[in-house]
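Notes follow the structure.
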Amino acid sequence: VRRLVRAGRTGRAAGRGFYGHGLGRQRAQIEAVVEGPGTATPLRVVGPGAARFAELDAGGGVVLYACGGAATDRDVEAVADLAAAGRVAVDSSDARWLDDLPVGAAWLRLHRGPAGVLAEVVDDAEAGLVRPGWVDGVVGALGAGSVRVPAVAGLVGDRLRHTLVNEATVLVEEGLAVPGDVDLALRLGMGHPRGPFEVLAEVGAVYVRDSLLAMARSSGDPRYRASSLLRRRAAAQVRGAAARA
10 VRRLVRAGRT GRAAGRGFYG HGLGRQRAQI EAVVEGPGTA TPLRVVGPGA
60 ARFAELDAGG GVVLYACGGA ATDRDVEAVA DLAAAGRVAV DSSDARWLDD
110 LPVGAAWLRL HRGPAGVLAE VVDDAEAGLV RPGWVDGVVG ALGAGSVRVP
160 AVAGLVGDRL RHTLVNEATV LVEEGLAVPG DVDLALRLGM GHPRGPFEVL
210 AEVGAVYVRD SLLAMARSSG DPRYRASSLL RRRAAAQVRG AAARA
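First residue of the sequence shown? That's 10 in our numbering, and the numbers climb one at a time after it.
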């Protein structure tokens with residue numbers, strides 16, 4: 010930050026900061042990459058994470074398979090069976106689908122935020138995973154905007170968000186800050202809609218831990234190693250769920 014300030018990169022007013030603001034207004038930049046929703050297709054929503062979009066379940070011919078976290082063997086088998094019977098779109102950011110997505114299936118990741126739903130849709134010719142035309146109907150049913158992303162570990166949204174949460178837990182674990190201050194700094198200093206610990210509270214430590222484990226397994230990159238505090242919180246979440254069961 011000090012280097013940026015010394016270089017005159019002090020933010021939006023100067024036209025330069027962490028990002029180049031001189032390339033156009035933020036809304037215009039977003040509109041350049043986000044595609045609007047198409048005509049809605051009736052969906053059937055299934056899978057461990059189906060409750061997130063249960064209101065969209067209209068018993069349609071296209072299946073949205075919502076993973077509840079990291080992809081399991083059971084998820085892969087279920088999606089293979091669904092793909093053999095018709096059209097299926099998988100909601101997940103786990104890079105396991107790079108190898109295990111059935112031919113003809115769509116791979117996307119759905120993010121719900123204050124502005125609605127945003128769909129990351131994998132469109133990667135290098136990986137042989139080209140966005141099917143019918144996925145526009147899935148995006149339309151969600152009323153979502155969509156962006157095309159390559160088939161990389163964590164895709165884009167979860168990779169950025171979960172690594173940020175992980176780094177935030179390191180700050181707290183090392184005694185450099187408390188969770189509330191980290192959230193405040195990211196909201197007010199960086200313009201994030203939610204702080205990392207607010208994200209963690211929303212999605213759960215188990216989900217973030219498993220997402221990082223999947224990214225580390227796929228990429229071999231040590232930056233995705235889950236922190237000790239995150240692993241401990243995930244363990245507490247699992248034990249709490251077991252005690253309530």
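All residues carry an ideal CB built from backbone N, CA and C; glycine is no exception. Since we're looking at a predicted model, the values are computed, not measured.
Who does Tyr74 pair with in a DSSP beta bridge?
-> Taking the first residue of the sequence shown as position 1, residue 74 is located at position 65. Secondary-structure assignment with DSSP links Tyr74 through a beta bridge to Val55 and Val99.
Per DSSP, which residues does Glu6 bridge with? Please list them.
-> The chain is shown from 10 up to 254; residue 6 falls before or after that span and cannot be answered.
Evaluate Leu169 with the Cβ neighbour count: other Cβ atoms within 10 Å of its Cβ, from every protein chain shown; 16 or more gives buried, anything less gives exposed.
-> If you number the sequence shown from 1, residue 169 lands on position 160. When all chains shown are included, Leu169 counts as exposed.
Residue burial classification, Ala115 (beta-carbon count within 10 angstroms, cutoff 16) = As a position in the sequence shown, residue 115 is number 106, starting the count at 1. Its Cβ being crowded by 16 or more others within 10 Å, Ala115 is buried.
Consult DSSP for Glu129 and reduce its assignment to one of helix, strand or coil.
-> The residue labelled residue 129 in the question sits at position 120 within the sequence shown. Three-state DSSP puts Glu129 in a strand.
DSSP beta-bridge partners for Arg121?
-> Position 112 of the sequence shown, counted from the start, is the residue given in the question as residue 121. Val126, per the DSSP bridge assignment.
Going by CA-CA distance only, name the one from Pro141, Leu151 and Pro188 that's closest to Ala124.
-> Sequence index remark: in the sequence shown, residue 124 carries index 115 (1-based). It is Leu151.
Please determine if the region 63 to 80 and the region 217 to 228 are in contact, where contact requires at least 3 C-beta pairs separated by less than 8 Å.
-> yes
Can you tell me the Cα-Cα spacing of Gly95 and Ser227, whole angstroms?
-> Within the sequence shown, the letter at position 86 stands for residue 95. Within the sequence shown, the letter at position 218 stands for residue 227. About 28 Å.
Of the listed residues Ala162, Gly122 and Leu117, nearest to Gly204 (C-alpha basis) = Along the sequence shown, read from residue 1 onward, the residue named residue 204 stands at position 195. Residue Gly122 is the option with its Cα nearest to Gly204.
Compute the Euclidean distance between the alpha carbons of Ala49 and Val97, then round it to the nearest angstrom.
-> In the sequence shown, the residue the question calls residue 49 occupies position 40. In the sequence shown, the residue the question calls residue 97 occupies position 88. Whole-angstrom Cα-Cα distance: 15 Å.
Could you check which residue in Leu91, Ala245, Gly154 and Glu86 has the C-alpha nearest to that of Arg105?
-> Reading the sequence shown from its first residue, position 96 is the one you call residue 105. Each of Leu91, Ala245, Gly154 and Glu86 was checked against the Cα of Arg105, and the nearest Cα belongs to Glu86.
Do Arg232 and Leu164 have their C-beta atoms within less than 9 Å of each other?
-> The residue labelled residue 232 in the question sits at position 223 within the sequence shown. The residue labelled residue 164 in the question sits at position 155 within the sequence shown. No, they are not a contact pair.
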